[in-house]
Every structure is written in C-alpha cells, then in structure tokens.
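>
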Amino acid sequence: MIFLIINRLEEAKVKSMVDEIDPEAFLAVGHINDVKGMHFNKKKLH
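When the count follows my numbering, it moves up by one through the sequence shown with no breaks and lands on 121 for the last residue.
1. With distances taken Cα to Cα, identify the nearest neighbour of Asn108 among Ile77, Leu102, Ile81.
2. Report the three-state DSSP secondary structure of Ala103 (helix, strand or coil).
3. Residues in the same chain with beta-carbon distance under 8 angstroms from Ala103, minus the five sequence neighbours each way, listed in chain order, please.
4. Under the three-state reduction of DSSP, which class applies to Val89: helix, strand or coil?
5. Look at Val93 and Ala100 and say whether their C-beta atoms are less than 8 angstroms apart.
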C-alpha cells in the first residue's frame, strides 16, 4: 500500500502515473481538511 498526501494540482498527474504502472490499481481519493506534523507547509497557489 502507498499513502500519499498531494494537492489538487498534482491529482491528475498522480492518477496518470498510477494508470501507466498498473491500470487495475485501486485508488481512493479523499479531501483532507487539516494536517499536523513536519513538512506540511501551505504553499501559495498563485
């Protein structure tokens, strides 16, 4: 199992990469409202 936290701009690219590797892969996509811990800095979109 691989667990990723990505932003909405990366979602299409990740889905495409997974599909190239394994077209039968199971993906579950959810929206995260809050995270706590290291390396989660909010980035400006524009």
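Beta carbons are placed, not taken as given, at the ideal position from N, Cα and C, and that holds for glycine.
On the basis of the data shown:
1. Ile81
2. coil
3. none
4. helix
5. yes
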